[in-house]
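Colleague: Note that the sequence shown ends on residue 1097 in the working numbering; no numbers are left out.
Yeah, the Cβ is synthetic: ideal placement off N, Cα and C, and Gly gets one too.
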Amino acid sequence: MIWLPRLGAALLALFVTAVALAVIWWQRVTPVSEGRLEVAGLAGEVSIERDDNGIPTLRGASRDAVLFGLGFVHAQDRLWQLETHRRIGSGRLAEAFGPAALDNDRFLRALGVRHAATAQWVALGADARAAVLAYTAGINAYIADHLRARPPEFLILGLQPEPWTPEDTLAWGIMMAWDLGANWTNELLRMRLALSLPVARIDQLLPPYPGQKPLPVRDYAALYRELKLSGDLGQQALLDAPESGVEGVGSNNWVVAGSRSASGKPLLANDPHLKLTTPALWYFARLEAPGLKMAGATMPGLPLLVLGQNERIAWGFTNTNPDVQDVYLEQIKPDDATRYRTPDGWAAFQSYTETIRVKGGADVTLVTRATRHGPVISDAGTPVVAGLTGKPGGPGYALALRWTALDADAASIDGGLAIGAAGSVAEFVAAAEKYKAPMQNMVVADVAGSIGFIAAGRVPLRGADNDLQGQAPAPGWEARYDWIGFVDPGQTPREIDPPRGWIATANHRVASANYPHYITSEWALPYRQQRIETLLAAQPKHDKESLRRIQADVLSPAAQRLLPWLKKAQPTHALGAAATQRLAGFEGEMRALDVAPTIFAAWARELTRAVFADEMGGDEMYLRQVGRADFRAALEGVLDRDDAWWCDDKSTPAAETCAALVNRSLDRALDELQQRLGPDMARWHWGVVHLARAEHRPFSKVRALAPWFELRVATGGDNYTVNVGRYHLKGDEPYLNEHAASLRAIYDLGNPTNSGVMHSSGQSGLVLSPDFRRLLEPWQAVRDLPLWGGGGKKLVLQGRPAAK
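1. Let me make sure I understand the geometry here. Which of N433, L401, P444 has the alpha-carbon closest to that of W471?
2. Going by alpha carbons, who is nearest to L598 out of L1080, R1093, T1046, G1084?
3. Using CA atoms only, rank isn't needed, just tell me which of G418, Y517, E455, D781 is closest to Y435.
4. Excluding sequence positions up to five away, which residues of its chain have a Cβ less than 7 Å from the Cβ of W1001?
5. Quick check on DSSP: helix, strand or coil for F577?
6. Quick one: Cα of G584 to Cα of A804, how far?
7. Using only the alpha-carbon positions, how far apart do N1044 and K834 sit?
8. Alpha carbon to alpha carbon, how far is S743 from S849? Give it in angstroms, no decimals.
9. In terms of alpha-carbon separation, which member of E726, R695, K727, P786 lies closest to R272?
10. In the structure shown, what three-state DSSP assignment does K1087 receive?
11. With a cut-off of 8 Å, do at least 3 Cβ pairs link the stretch 745-763 to the stretch 789-809?
12. Find the nearest neighbour of V291 within the set V548, N956, A885, judged by alpha-carbon distance.
13. So what does DSSP say about P857, is it helix, strand or coil?
14. In whole angstroms, give me the CA-to-CA distance for T891 and A725.
15. Distance check for V339 and V359, CA to CA, integer angstroms please.
16. Which residues in the same chain as D935 place their Cβ atom closer than 6 Å to its Cβ, once the five residues preceding and following it in sequence are excluded?
17. Should the stretch 401-421 be called in touch with the stretch 667-674, which here means at least 3 C-beta pairs below 8 Å?
18. Going along the chain, which residues of its own chain have a beta-carbon closer than 7 Å to the beta-carbon of V847, five neighbours each way excluded?
19. So what's W795 in DSSP terms, helix, strand or just coil?
20. Enumerated in chain order, which unbroken segments of the alpha helix (DSSP H) with a length of 4 residues or greater are wholly contained in the stretch 577-602?
21. Within 10 Å of its beta-carbon, does S644 have 16 or more other beta-carbons around it, so buried, or fewer, so exposed?
22. Residues in the same chain with beta-carbon distance under 6 Å from L901, minus the five sequence neighbours each way, listed in chain order, please.
23. T458 bridges to which residues according to DSSP?
24. Along the chain, where does the beta strand (DSSP E) containing V955 start, and where does it finish?
25. Would you give the residue range spanned by the beta strand (DSSP E) that W608 belongs to?
26. What do you get for T827, buried or exposed, if any count of 16 or more other CB atoms within 10 angstroms of its CB means buried?
27. Nearest to S814 by CA position, among A487, P500, A588, is which residue?
28. Would you say G466 and S705 are within 8 Å of each other, going by their C-beta atoms?
29. Kindly indicate the opening and closing residues of the alpha helix (DSSP H) around W373.
30. Pull up the distance between the alpha-carbon of R321 and that of L448, whole angstroms please.
31. If you measure between the beta carbons of T613 and I812, is that distance less than 8 Å?
32. With respect to the alpha helix (DSSP H) encompassing F905, which residues constitute its N-terminal and C-terminal limits?
33. To the nearest angstrom, how far is the alpha carbon of Y378 from that of D461?
34. Under 7 Å Cβ to Cβ from R841, same chain only, skipping five residues before and after it: list those, please.
35. Report buried or exposed for K729, applying the criterion of at least 16 other Cβ atoms within 10 angstroms of its Cβ.
36. Classify T658 as helix, strand or coil using the three-state DSSP reduction.
As structure tokens, then:
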């Protein structure tokens, strides 16, 4: 047995060596934060001072020098995030992640994001080009000369970082706009439903904004029958459409004038609701140069301070939810599949050959096409193409997308730079008129005391004879469905210094009843807006703490709306009496430590499915849709009308009533919760199932790695609370909070040192860094960090002299 000590010694030596290598790797992968580095591509020098939370203050002799520094620190702290942004924008996910990502790549290649980014780079103005080039040079200086060890994602996946390009920046800007202005999925949903439902019923499932009537459109169900569309048309495109990682489904912002603040100076609050990711989409930074001093939220991939405060103004965004996309049916020439029908006869498709590299598999060649309207999104894959042939002997169609964000002049870099340089509300509004996509509700305040709002972005004009108005896919060969221009940037909705002393937006209808232009019919339900208005009006003067309390509010007016039906339910479940007792005192506060919110959410989930799934094509197709919409407005309408048509389950011979579904859904909810959480109802806290989950790409999908790379924490709220916690109602964890306040900020125009910000992870994207999750707990508790500051460790980037 003499070999045993030798084996033990060998194993110990191996372990010590592995630990030593890990320590060396960690020392090398950790960004250099002190000293001086010579860098290529920089004229002069930039200082980078990081505070205790990892927030850098960048100082340089010019704006572009500071943007070089911003690119450098983004690469230091968020290199893997930059890599995912690049691969999403270019449709190159399968190259890193394998066949599971192939459908996403197909769709992104068919959408033509990279082609559009290339065209936008060519069209970009000189000042914006200079900013993008400076930022790009900063990223590449780090990758080329100062990346001492690859972050863990690169090592695990066997990838090498590539140089960043200006087109990568513009492609990521397009993907930012993808979910912040995407109503095309509702167009395809209406088209699919129209093959089995009349338009009047579709208008009940996708109802107009409260108090409004459905848009007067033609009977598109009859149109699609006349065109002999296949029942599969568009289905695969609908299911394959990728997430950008942003998915803007909500946001809040409000600004309070000095007349309504304790200090006599304006206050501004903002919390954009985006997909929670690890690391967060936001990266805090402070940027200083002669004539430039600003601080706030940047986004890796973009050379901008997107949201924040400078020496004269503060600003915040919410999504307008504009209708800036139209889907067109393009009829393919029966005897020549290379041509499609136009108002002037048959025209040739533009076509591109794309090669998609697939990790662990053979390359995939994809031919994508474009029409006069835009990319043919139905070219995303062969299942789509097969479904477009229609009935045997009938015409074949393709689906093309017209979208403002793909236009060659649609990049918003110049608008974003101008916004950050504005010194007053008037200058901000003028700068915002340069902004194209994604359309945003922007609120602003200045140190002189003025406050304002503008819905900024490019809005298409549709002609009076367009009898579909972007509600459903239109025949592409009829000229009346083409856009006829855009709303004048000076005529988008806006408001300056209203007498009430405050302005608030929460994705609600921002256009007045007499506004002359159509923006969208798909505004968010006004519950958050109404709650913010109530809380703003509840006291005569506000300060930072009162605005923070509004941001932390978890009262759900939408839950209050449905509670009368739930409280009348008569469950037969063994836990029914206990549930009824828990619900008796529930008034819609979605608190993490309460049980009643869990019962309510599970019941609403079951009831919505019971009412609508059969008419939408069964559970599978219904569940495909609830990730994008929870059909709450439709459910409210059905219950208000006691609508027996919707409540009857068409898959059973019995005629179900709404009251019966209310009862049955509570029984099913209790069954589900008992199986999920056990029989002790006292343990059914909302925060147990309503965990905020910040997804890591791609390791959230790898069971062994997910606990290390993704972040989870208990939260309150629901889809309609100011402190939002949006859950998807599907999958194994239907109540996960995956869309929330990705960032919270309160800006004080009277005392900037009082301004505070917080995002949902940490500044670093390196999983072993203490800055990887440092901000998670204060984000959960709705606390913040000082926006302005400095100190800590200092690194100086010195431009490398040119070679002689």
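Modeller: Reading from the atomic positions:
1. Taking the first residue of the sequence shown as position 1, residue 471 is located at position 178. Relative to W471, the option among N433, L401, P444 whose CA is nearest is L401.
2. Translated into the one-based positions of the sequence shown, residue 598 becomes position 305. Nearest of L1080, R1093, T1046, G1084 to L598, Cα basis: L1080.
3. Reading the sequence shown from its first residue, position 142 is the one you call residue 435. Y435 has its Cα closest to that of E455, out of G418, Y517, E455, D781.
4. Taking the sequence shown and counting its residues from 1, one reaches residue 1001 at position 708. The answer, listed in chain order, is V1060.
5. Residue mapping note: residue 577 aligns to position 284 of the sequence shown, counting from 1. Strand at F577.
6. Position 291 of the sequence shown, counting from 1, holds the residue named residue 584. Position 511 of the sequence shown, counting from 1, holds the residue named residue 804. Approximately 36 Å between the Cα atoms of the pair.
7. Reading the sequence shown from its first residue, position 751 is the one you call residue 1044. Reading the sequence shown from its first residue, position 541 is the one you call residue 834. The straight-line gap from Cα to Cα measures roughly 16 Å.
8. Position 556 of the sequence shown, counted from the first residue, corresponds to residue 849. Position 450 of the sequence shown, counted from the first residue, corresponds to residue 743. Between S849 and S743, the C-alpha separation is close to 32 Å.
9. The requested residue 272 does not occur in the structure, where the chain is confined to residues 294 to 1097.
10. The residue given as residue 1087 occupies position 794 in the sequence shown. Strand at K1087.
11. yes
12. As shown, the chain starts at 294 and ends at 1097. That puts residue 291 outside it, with no answer to give.
13. Residue mapping note: residue 857 aligns to position 564 of the sequence shown, counting from 1. Three-state DSSP puts P857 in a helix.
14. Numbered from its first residue, the sequence shown carries residue 891 at position 598. Numbered from its first residue, the sequence shown carries residue 725 at position 432. Taking the straight line from one Cα to the other gives about 42 Å.
15. By 1-based counting over the sequence shown, the position of residue 359 is 66. By 1-based counting over the sequence shown, the position of residue 339 is 46. Approximately 6 Å, taken between the alpha carbons.
16. Against the sequence shown, residue 935 aligns to sequence position 642. Taken in chain order, the residues that qualify are C951.
17. yes
18. As a first step, residue 847 is located in the sequence shown; it is residue number 554 there, counting from the start. Cβ neighbours of V847 beyond the five flanking positions: E882, M883, R884, G1009, G1010, T1014, N1016.
19. Residue numbering aside, residue 795 sits at position 502 when the sequence shown is read from its first letter. In this structure, W795 counts as strand in the three-state DSSP scheme.
20. none
21. For this step, residue 644 is matched to residue 351 along the sequence shown. The residue is exposed, with fewer than 16 neighbouring Cβ atoms inside 10 Å.
22. In the sequence shown, counting from the first residue as 1, residue 901 sits at position 608. Residue identity check: residue 901 is Thr in the sequence provided, not Leu. Around T901: F924, L928.
23. Position 165 of the sequence shown holds residue 458. Paired residues: none, contrary to the question.
24. The count along the sequence shown starts at 1 and reaches residue 955 at position 662. Here V955 belongs to no beta strand (DSSP E); instead the alpha helix (DSSP H) covers 951-970.
25. Walking along the sequence shown from the start, residue 608 turns up at place 315. It spans 606-612 - the beta strand (DSSP E) in which W608 sits, taken as one unbroken run.
26. On the sequence shown, residue 827 is found 534 positions in, with the first residue counted as 1. T827 is exposed by the Cβ-count criterion.
27. For the purposes of this step, residue 814 is taken as residue 521 along the sequence shown, with counting starting at 1. When only C-alpha atoms are compared, the closest one is P500.
28. Along the sequence shown, one-based indexing puts residue 466 at 173. Along the sequence shown, one-based indexing puts residue 705 at 412. Yes, these two residues count as a Cβ contact at 8 Å.
29. The residue labelled residue 373 in the question sits at position 80 within the sequence shown. 356-383 is the extent of the alpha helix (DSSP H) around W373.
30. Along the sequence shown, read from residue 1 onward, the residue named residue 321 stands at position 28. Along the sequence shown, read from residue 1 onward, the residue named residue 448 stands at position 155. Between R321 and L448, the C-alpha separation is close to 13 Å.
31. Your numbering for residue 613 matches position 320 in the sequence shown. Your numbering for residue 812 matches position 519 in the sequence shown. Closer than 8 Å, so yes.
32. On the sequence shown, position 612 is the one that residue 905 refers to. It spans 889-905 - the alpha helix (DSSP H) in which F905 sits, taken as one unbroken run.
33. Taking the sequence shown and counting its residues from 1, the one referred to as residue 378 is at position 85. Taking the sequence shown and counting its residues from 1, the one referred to as residue 461 is at position 168. Reading off the sequence shown, one finds His at residue 378, where the question assumed Tyr. Cα to Cα, the separation comes out at about 8 Å.
34. On the sequence shown, position 548 is the one that residue 841 refers to. Hits under 7 Å: I1039, V1075.
35. Position 436 of the sequence shown, counted from the first residue, corresponds to residue 729. It is buried - the Cβ of K729 has at least 16 other Cβ atoms within 10 Å.
36. Looking up residue 658 in the sequence shown gives position 365. Note: T658 maps to strand in three-state DSSP.
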